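Heads up, the thing below is written out as C-alpha cells.
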Amino acid sequence: MSNKLKAALLGASGYTGADLLRIGVLHPQLEFTALTANTHAGKPLGTVFPHLDGLGLPRLQQTDDMKWQDFDVVFCGLPHATSQEIIAEIVENHDRPRIIDMSADYRLRDPDSYQKWYGNKHIAPHLQEKAVYGLSEHYREQIKDARIIACPGCYPTAALMALIPLAKAALIDPADIIIDAKSGVSGAGRGLKQNTLFTEAGESLSPYAVASHRHSAELDQEISLAAEQQVAVGFTPHLIPMSRGELVTCHLRLAEGKSAADLRAALKAKYDVEPFVHILDEGVMPSTSMVRGSNLCKINVFEDRIPGRAIVIATLDNLVKGSAGQAIQNFNIAFGIEETTGLQQVAMFP
Numbered sequence: 001m002s003n004k005l006k007a008a009l010l011g012a013s014g015y016t017g018a019d020l021l022r023i024g025v026l027h028p029q030l031e032f033t034a035l036t037a038n039t040h041a042g043k044p045l046g047t048v049f050p051h052l053d054g055l056g057l058p059r060l061q062q063t064d065d066m067k068w069q070d071f072d073v074v075f076c077g078l079p080h081a082t083s084q085e086i087i088a089e090i091v092e093n094h095d096r097p098r099i100i101d102m103s104a105d106y107r108l109r110d111p112d113s114y115q116k117w118y119g120n121k122h123i124a125p126h127l128q129e130k131a132v133y134g135l136s137e138h139y140r141e142q143i144k145d146a147r148i149i150a151c152p153g154c155y156p157t158a159a160l161m162a163l164i165p166l167a168k169a170a171l172i173d174p175a176d177i178i179i180d181a182k183s184g185v186s187g188a189g190r191g192l193k194q195n196t197l198f199t200e201a202g203e204s205l206s207p208y209a210v211a212s213h214r215h216s217a218e219l220d221q222e223i224s225l226a227a228e229q230q231v232a233v234g235f236t237p238h239l240i241p242m243s244r245g246e247l248v249t250c251h252l253r254l255a256e257g258k259s260a261a262d263l264r265a266a267l268k269a270k271y272d273v274e275p276f277v278h279i280l281d282e283g284v285m286p287s288t289s290m291v292r293g294s295n296l297c298k299i300n301v302f303e304d305r306i307p308g309r310a311i312v313i314a315t316l317d318n319l320v321k322g323s324a325g326q327a328i329q330n331f332n333i334a335f336g337i338e339e340t341t342g343l344q345q346v347a348m349f350p
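Quick note: the sequence shown uses UniProt numbering, first residue 1, plus one each step.
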C-alpha cells in the first residue's frame, strides 16, 4: 500500500495544472488520484496534454463527482470566482483535505478589495481568516498550519521577493515604487483570446491592463504590510512573445542615507539560506533563460544613474515559481516534507 499523500487537482486542463503535474508526478510523497476538467471529463489526460501521456495518471472527471474526504490535499487551478465556491464547500463541510489554491480567490485579506479588483462579491469572506498568503519564503510558519494556502500571483511573487525585505528594513521609499513587468504568453492562461494568438503576440511587445492589473492589489497589500504604511505601487505588465518566463524591473527611491549596496546586503541576508531565491553576483543581469522550467527566482541590484535611486531586477518562471512550483513548495511546507523535495529541476537552456 502506498504511503504517499493523496492529492486531487482541480483544473487539470490549464497551463498551471499541466506544470503542477509535470513537477508533482515525480514527487516521492505525492500521488494524484483525481484530476478534474469539466469540459474534458472522461478523457485520458494525454488527449489534452500529450506530453503527460503514459504517466499512469487518472482520467479527467467532473468536479461534482469528487469525494473530498478521500484526499489529503486539493490543488486548485481553477479561475477566480470558480475556486471560492468549491473551496468553501470543502472547508465548511469536511475536516479534510487541506487546500492549496493557485487562483486569486483567497489572496486578498480585505473582501472589499476583492470585489473592487475582481468584479464580484466574495461568497465566503469568513473563510479568509483560515487562509494564508502563500509566499513561501515570507509566510513559512503560517503556511505550516493553514487550512487554505492562497498561492500568490506570478507578478507579485517576483516583485515581492525583491521588495519585501527592502520595505521591511526601511531602505526604500515605499511611496515611490515603479514596477515594469514582462511575462510570457502562458501567463494569460490557455483560453482563446485574440491578443494571445500567434499572429497577434508573435514579434510584438505590448503593455496591457495599464494602471488596472488585478495583481496590483496583492502588491499594495503586501508592501503596505512590510512598510507598515498604506502604499499604492506603480505597476505596468507587458506581454512578451515567448511561452513562459517573467522579469520585473523595480525602480526605487532610496531612503535617506541608504545606497544600492545596502539593498543588496539586505537581500543577501534574507535569501542566502533560501534554496530557491538567489542574489546574483554584482553586475550580472537577471534573464528568464536563467530560470526557465525551474523553481528559482534570481535577483540583482543596480545603482541608478539618478542620485538617490536604485533598480532591482527579479526573474522567475511564471508557471513554476510563479505558480505550480510554489504550490508544490507550499505543499512540502504544509506537510512537513523537506522543502526542496520534487523541486530540484535545473533551469532549461537553451
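Where a beta carbon is used, it is the ideal one built from N, C-alpha and C, also for glycine. Note that the structure is predicted; figures quoted are calculated from it, not measured.
Where the alpha helix (DSSP H) containing residue i begins and where it ends
| i | result |
| --- | --- |
| K182 | Element bounds for K182: not the alpha helix (DSSP H) but the beta strand (DSSP E), I172 to S183. |
| Y271 | A260 to Y271 |
| K116 | P111 to Y118 |
| A324 | Taken as a continuous stretch (DSSP letters only), A324 belongs to no alpha helix (DSSP H), as it is neither H nor E. |
| I164 | C154 to K168 |
| E200 | F198 to A201 |
Buried or exposed (CB count within 10 angstroms, at least 16 for buried), residue i
| i | result |
| --- | --- |
| A158 | buried |
| M1 | Caution is warranted here: a pLDDT of 39 is assigned to M1, below 50, making its placement in the model unreliable, and no coordinate value can be reported. |
| V346 | exposed |
| H51 | exposed |
| V312 | buried |
| Y139 | buried |
| M290 | buried |
| L55 | exposed |
| M285 | exposed |
| T199 | exposed |
| M348 | exposed |
| V273 | exposed |
| P350 | exposed |
| T16 | buried |
| S204 | exposed |
| Q344 | exposed |
| Y133 | buried |
| E129 | exposed |
| V210 | exposed |
| H122 | buried |
| K67 | exposed |
| A167 | buried |
| L197 | exposed |
| S212 | exposed |
| A170 | exposed |
| K270 | buried |
Host beta strand (DSSP E) of residue i (start-end)
| i | result |
| --- | --- |
| L316 | R309 to L316 |
| H278 | V277 to I279 |
| L5 | L5 to L10 |
| N300 | C297 to E303 |
Cβ distance (whole Å) where residue i is taken to contact residue j below 8 Å
| i | j | result |
| --- | --- | --- |
| C151 | N330 | 6 Å |
| N318 | S186 | 7 Å |
| A124 | Q84 | 6 Å |
| S243 | G184 | 5 Å |
| residue 359 | F49 | The displayed coordinates of the chain run from 1 to 350. Any statement about residue 359 would go beyond what the structure contains. |
| H27 | T249 | Not really, about 33 Å apart at Cβ, beyond 8 Å. |
| T63 | L21 | Their Cβ separation, rounded to whole angstroms, is 17 Å, which puts T63 and L21 out of contact at 8 Å. |
| A8 | A37 | That pair is no contact at about 12 Å. |
| I223 | L163 | 6 Å |
| A314 | I299 | 5 Å |
| I90 | D101 | The pair is not a contact, with the Cβ atoms about 11 Å apart (cut-off 8 Å). |
| residue 353 | K182 | There is no way to answer for residue 353, as the model of the chain reaches only from 1 to 350. |
| K251 | I178 | The sequence given here has His at residue 251, not Lys. Yes, H251 and I178 are in contact; Cβ-Cβ is about 4 Å, under 8 Å. |
| I23 | G325 | 6 Å |
| S103 | L78 | 6 Å |
| A227 | P174 | 4 Å |
Bridge partners - residue i, DSSP secondary structure assignment
| i | result |
| --- | --- |
| V231 | Partner(s): none; V231 has no beta bridge. |
| H251 | I178 and I311 |
| R107 | Bridge partners of R107: none, in fact. |
| A150 | D101 and Y133 |
| S206 | L239 |
| E246 | S183 and L316 |
- Query: What are the complete alpha helix (DSSP H) segments, minimum 4 residues, inside the UniProt domain "Semialdehyde dehydrogenase NAD-binding" (6-146)?
  - Reply: Within the UniProt domain "Semialdehyde dehydrogenase NAD-binding" (6-146), the complete alpha helix (DSSP H) runs of at least 4 residues are 15-24, 82-93, 111-118 and 140-143.
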